[in-house]
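Numbering (this note's numbering), first residue to last: 7 to 194. Even for Gly, the Cβ is constructed at its ideal location relative to N, Cα and C. Okay, so here's the structure we're looking at.
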Amino acid sequence: MRKLIFGMNLTLDGYIAAPGDDIAWGGPPSDELFQWWLDQELSMSMSLYGRKLWETMSSYWPTGDENPDATPAQIEFARNWRDTPKVVFSSTLTEVDWNTRLFTGDAVPEITRLKAEDGGPMEIAGATLASAAMRAGLIDEYMLVTYPVLTGGGTPFFTALDGWVNLNLVETRVFPGGVVLTRYEKKR
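Quick look at the structure:
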């Protein structure tokens, strides 16, 4: 059975985007943090995206390695992003590209099916998609990269749940600028 991991950058008050889908509060990541995200991406066998994050990622990363200012880590990230199999969950998109398939039905049964397959870990990305998987108890690990900023509102990392989810702390790390990684696994 595959492990499902949800990780994103978020504000200290728990938002992945400020009102208006504004993510400028994070600024560009330090080289050290970008390398950490690259290492995480390289360990994934599949990426699951909601429509909004898919549109953000697919607007840059398919050709991100062609940017003349791209660092070696950004070049590797772009190449890995293109090569990693992806599933986009959307009821409004009609096509996707770059080693990606589109799924237009109920996300929870499809994610459950994908988790039951053999293979390496999968990442889930996008607040709406991740909240459906979170409510269904499908997420095995949470990676929170917390920036020292408060936005007072926006798109929350966590969704309302019907019950508690007990977690074990796996890792804590501080990056430049006071950015803190905390990684948790769901208790079995």
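Using DSSP with H/G/I as helix, E/B as strand and the rest coil, what is Pro-74? coil
What residues in its chain sit with their C-beta under 8 Å from that of Leu-18, if we drop five residues either side in the sequence? Hits under 8 Å: Thr-152, Tyr-153, Pro-154, Val-155, Leu-156.
Just the Cα atoms here: how many angstroms apart are Gly-132 and Gly-13? 9 Å
Beta bridge counterpart(s) of Glu-147 as assigned by DSSP: Ile-11, Glu-191
Which partner residues does Pro-162 have in the DSSP bridge list? In the DSSP assignment, Pro-162 is bridged to Tyr-21.
In angstroms, rounded to a whole number, what distance separates the CA positions of Gly-130 and Gly-159? It is worth fixing the name first, because residue 130 is Ile in this sequence and not Gly. Going from the Cα of Ile-130 to the Cα of Gly-159 covers about 22 Å.
In the DSSP assignment, find the beta strand (DSSP E) that holds Val-102 and state where it starts and stops. Run containing Val-102: none; DSSP gives neither H nor E here.
Bridge partners for Lys-92 per DSSP, in chain order? According to DSSP, residue pairing for Lys-92 in a beta bridge involves Ser-53, Thr-106.
On the premise that Gly-20 lies in contact with Pro-162, defined as a C-beta separation below 8 Å, what is that separation, rounded to the nearest angstrom? 6 Å
Cα-Cα separation, Asp-89 to Leu-10: About 19 Å.
Could you please give the first and the last residue of the uninterrupted alpha helix (DSSP H) stretch that includes Thr-134? 133-141
Quick check: the Cα distance between Met-149 and Thr-100, rounded to an integer number of angstroms? 31 Å
Is the beta carbon of Leu-208 sitting closer than 7 Å to the one on Phe-83? A question about residue 208 goes unanswered here, because the residues of the chain that appear run from 7 up to 194.
Exposed or buried, what is Asn-199 when buried is set at 16 or more other beta-carbons lying within 10 Å of its beta-carbon? There is no way to answer for residue 199, as the model of the chain reaches only from 7 to 194.
When you compare only the Cα positions, how much space is there between Ser-64 and Thr-106? 10 Å
Just the C-alpha distance for Trp-170 and Phe-164, rounded to the nearest angstrom, thanks. 12 Å
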